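S.K.:
Numbering (the numbering used here), first residue to last: 169 to 638.
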């Protein structure tokens, strides 16, 4: 018998944003993987989306958009500073990414975090209709499932964490560890990208709450909680469609002509695409490229590095420092190894539209993805999906969730897995990519493309909702 229960999505941001058309304000669907993944299910089952509209202060009134009920949540400017910039991004973000920067633990941030989570839970409770199922997303809203269960005890709720969940010994640092775990345990299904996240969460729950159980099942306050891995993915069909677009392919050819020509022939193009964030390891990959050139086996006549860094949290001191470091590395490498007409590093601090990004994917010979820790890393999957001709190589951090899917086996290798802390090892992998023959590169890419085609974003959403609707 089909399940026609409505779906209520709860996320930090709404799936729409304000635009001005013909002198009046209206709402337009936002781009993004989560919106794309949820839309088919909301269209099929009907439902609502609870989230922040992106404007501090009073929230707009609830409205309907493309058949979906939109419920904006109010967040004041003071709450935004403490809840989002403070606790979410200066406490949870670094802690959950292996504490690559020291997390800050302040009560003055925790209280607004709990307060805003309660506002989200209340708005969700008011939106619910009988029989609805609720899917709460990400680290900003970890308390919502537990709060919602206190308000509506019989609601069926899922929670998915889009970033890594840290090992127990790191999570132990946070003063509010029990409250966070109990908040997440308010869900019936708790999902992570990888089994490592599942194991870390279960260990923490058994240590710091009254939860018991084994395997992927916990019992908490008389309820069963399923904890499992649901690796997120991308809209593969959309990536492939963009890669087949004649305009995109023409732009890719122009980029390749501009970037790869040298006096000795064709240069190989390394590409990095990241949000400008200290977890992404951009500085380490530039140092590795510098080491590659220092060794002298390859020069700027053989290869070039293109780094696209999307601006992020630019007023935060640590991000300002990271930007300065990357700019200094780029300048130093160009000064030492560049030649007239042959730049070693092209560094662009800018946002790039999807069509332009796919053109860069098609133009490059290797994508370098080196996060110190990443829940999944969808850029790696986009690059693979866009390579419709099975060209190119993927150099991938073993600490990205995508490594679980793209690691391959000794007899059937896929990506070149690297430790981003190992400059020499990363430089070695770059040399391997430069020397790899076309047949091996094609075989590796074919295997990765089969993997990403089999598990696209719709299968991810469907598998989680399937577990939630049981």
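Cβ coordinates follow ideal geometry from the N, Cα and C atoms, glycine included. Bear in mind that the values here come from a model prediction, so they are computed numbers and not experimental data.
Rounded to whole angstroms, what's the CA-CA distance from residue 218 to residue 521? Just pull it up for me.
M.R.: For the purposes of this step, residue 218 is identified with residue 50 of the chain shown, where counting begins at 1. For the purposes of this step, residue 521 is identified with residue 353 of the chain shown, where counting begins at 1. Roughly 27 angstroms between the two C-alpha positions.
S.K.: Would you check if the region 508-516 and the region 415-422 touch, i.e. whether three or more CB-CB distances between them fall below 8 angstroms?
M.R.: Result no; under three Cβ-Cβ pairs closer than 8 angstroms.
S.K.: Could you check the C-alpha separation between residue 565 and residue 548 for me, to the nearest Å?
M.R.: The residue you call residue 565 lines up with position 397 of the chain shown. The residue you call residue 548 lines up with position 380 of the chain shown. Going by the C-alpha atoms only, they are around 10 angstroms apart.
S.K.: Is there contact here, the region 606-616 with the region 550-567, by at least three beta-carbon pairs under 8 angstroms?
M.R.: A contact exists between the region 606-616 and the region 550-567.
S.K.: Do the region 466-483 and the region 499-510 touch if we need at least three Cβ pairs shorter than 8 angstroms?
M.R.: They touch, by the three-pair rule.
S.K.: Of all the options 254, 325 and 237, which has the alpha carbon lying nearest to the alpha carbon of residue 295?
M.R.: Within the chain shown, numbered from 1, the residue matching residue 295 stands at position 127. The option with the nearest alpha carbon to residue 295 is 237.
S.K.: Which term fits residue 302, buried or exposed, when burial requires 16 or more other beta carbons within 10 angstroms of its beta carbon?
M.R.: Taking the first residue of the chain shown as 1, we reach residue 302 at position 134. With 16 or more Cβ atoms within 10 Å of its Cβ, residue 302 is classed as buried.
S.K.: In terms of DSSP beta bridges, what is residue 528 paired with?
M.R.: Here residue 528 is taken as the residue at index 360 of the chain shown, counted from 1. Bridge partners of residue 528: none, in fact.
S.K.: Could you tell me the boundaries of the beta strand (DSSP E) in which residue 185 lies?
M.R.: As a working note, residue 185 is residue 17 in the chain shown. Note, residue 185: beta strand (DSSP E), 184-189.
S.K.: Can you have a look at residue 179 and say buried or exposed, based on whether 16 or more other CB atoms are within 10 angstroms of its CB?
M.R.: Here residue 179 refers to the residue found at position 11 of the chain shown. Buried.
S.K.: Given a threshold of 16 other Cβ atoms within 10 Å of its Cβ, counted over all protein chains shown, does residue 186 qualify as buried or as exposed?
M.R.: On the chain shown, position 18 is the one that residue 186 refers to. Under this definition residue 186 is an exposed residue.
S.K.: Do residue 273 and residue 256 come within 8 angstroms of each other at the CB atom, strictly closer than that value?
M.R.: Here residue 256 is taken as the residue at index 88 of the chain shown, counted from 1. Here residue 273 is taken as the residue at index 105 of the chain shown, counted from 1. Taking 8 angstroms as the Cβ cut-off, residue 256 and residue 273 do not qualify as a contacting pair.
S.K.: Per DSSP, what kind of secondary structure is residue 115 in: helix, strand or coil?
M.R.: Past the boundaries of the shown model lies residue 115; the chain is included only from 169 to 638, so the question cannot be answered.
S.K.: Return the chain-ordered list of same chain residues with a C-beta closer than 7 angstroms to the C-beta of residue 629, the five sequence neighbours on each side being excluded.
M.R.: For the purposes of this step, residue 629 is taken as the residue at position 461 of the chain shown. Around residue 629: 205, 206 and 209.
S.K.: Within 8 angstroms, do at least three Cβ pairs link the region 617-625 to the region 304-314?
M.R.: The region 304-314, when compared against the region 617-625, does not touch it at the 8 angstroms Cβ threshold.
S.K.: In angstroms with no decimal places, state the Cα-to-Cα distance between residue 527 and residue 380.
M.R.: The count along the chain shown starts at 1 and reaches residue 527 at position 359. The count along the chain shown starts at 1 and reaches residue 380 at position 212. Answer to the nearest angstrom: the Cα atoms are 50 angstroms apart.
S.K.: Beta-carbon separation of residue 176 and residue 198 under 8 angstroms?
M.R.: As a position in the chain shown, residue 176 is number 8, starting the count at 1. As a position in the chain shown, residue 198 is number 30, starting the count at 1. Result no, Cβ atoms of residue 176 and residue 198 do not sit closer than 8 angstroms.
S.K.: Mind checking which residues open and close the beta strand (DSSP E) that includes residue 577?
M.R.: Residue numbering aside, residue 577 sits at position 409 when the chain shown is read from its first letter. Segment: none, residue 577 is in no beta strand (DSSP E) and carries neither H nor E.
S.K.: Anyone know if the C-beta pair for residue 620 and residue 552 falls short of 8 angstroms?
M.R.: Indexing the chain shown from 1 puts residue 620 at position 452. Indexing the chain shown from 1 puts residue 552 at position 384. Going by C-beta atoms, residue 620 is nearer than 8 angstroms to residue 552.
S.K.: What does the alpha-carbon distance come out to for the pair residue 429 and residue 606?
M.R.: By one-based count along the chain shown, residue 429 stands at place 261. By one-based count along the chain shown, residue 606 stands at place 438. Spanning the two alpha carbons is a distance of roughly 19 angstroms.
S.K.: Could you tell me which residues DSSP puts in a beta bridge with residue 397?
M.R.: By 1-based counting over the chain shown, the position of residue 397 is 229. Partner(s): 360.
S.K.: Could you tell me which whole beta strand (DSSP E) segments of length 3 or greater appear in the region 372-452?
M.R.: Runs found: 380-382, 385-388, 391-397 and 436-443.
S.K.: Can you give me the start and stop residues for the alpha helix (DSSP H) that residue 323 sits inside?
M.R.: Within the chain shown, the letter at position 155 stands for residue 323. Taken as a continuous stretch (DSSP letters only), residue 323 belongs to no alpha helix (DSSP H), as it is neither H nor E.
S.K.: Assign residue 363 to buried or exposed, taking buried as 16 or more other Cβ atoms, counted over all protein chains shown, within 10 Å of its Cβ.
M.R.: Mapped onto the chain shown, residue 363 falls at position 195. Classification for residue 363: exposed.
S.K.: How many Å lie between residue 356 and residue 386 at the Cα?
M.R.: Locating residue 356 in the chain shown gives position 188, counting from the first residue. Locating residue 386 in the chain shown gives position 218, counting from the first residue. Approximately 10 angstroms between the Cα atoms of the pair.
S.K.: Return yes when the Cβ of residue 203 is within less than 8 angstroms of the Cβ of residue 243, no when it is not.
M.R.: Translated into the one-based positions of the chain shown, residue 243 becomes position 75. Translated into the one-based positions of the chain shown, residue 203 becomes position 35. Going by C-beta atoms, residue 243 is not nearer than 8 angstroms to residue 203.
S.K.: Distance, Cα to Cα, residue 665 vs residue 297?
M.R.: The structure shown has nothing for residue 665, since the chain only spans 169 to 638.
S.K.: So residue 530 and residue 554 are in contact, right, with Cβ under 8 angstroms, and what is the actual spacing, rounded?
M.R.: For the purposes of this step, residue 530 is taken as residue 362 along the chain shown, with counting starting at 1. For the purposes of this step, residue 554 is taken as residue 386 along the chain shown, with counting starting at 1. Right, their Cβ atoms sit about 6 angstroms apart.
S.K.: Which ranges does the alpha helix (DSSP H) cover as unbroken runs of at least 4 residues, wholly within the region 189-222, from first to last along the chain?
M.R.: Taking only runs of at least 4 residues, the alpha helix (DSSP H) segments lying wholly in the region 189-222 are 201-213.
S.K.: Give the DSSP-derived three-state secondary structure of residue 565 in the structure shown.
M.R.: The sequence position of residue 565 within the chain shown is 397, counting from 1. Three-state DSSP puts residue 565 in a strand.
S.K.: Using CA atoms only, rank isn't needed, just tell me which of 472, 517 and 350 is closest to residue 490.
M.R.: Sequence index remark: in the chain shown, residue 490 carries index 322 (1-based). Ranking the options by Cα distance to residue 490, first place goes to 517.
S.K.: Going by C-alpha distance, which of 336, 370, 391 and 376 is nearest residue 382?
M.R.: Your numbering for residue 382 matches position 214 in the chain shown. Cα-wise, what sits closest to residue 382 is 370.
S.K.: Report buried or exposed for residue 580, applying the criterion of at least 16 other Cβ atoms within 10 angstroms of its Cβ.
M.R.: Counted from its first residue, the chain shown places residue 580 at position 412. Exposed is the call here.
S.K.: For the alpha helix (DSSP H) that residue 502 lies in, which residues bound it at each end?
M.R.: Within the chain shown, the letter at position 334 stands for residue 502. Element bounds for residue 502: 485-505.
S.K.: Out of 279, 534, 278 and 260, which one is the CA nearest neighbour of residue 271?
M.R.: Taking the chain shown and counting its residues from 1, one reaches residue 271 at position 103. Per the Cα distances, 260.
S.K.: Which term fits residue 434, buried or exposed, when burial requires 16 or more other beta carbons within 10 angstroms of its beta carbon?
M.R.: Translated into positions along the chain shown, residue 434 becomes position 266. Exposed, by the Cβ-count rule.
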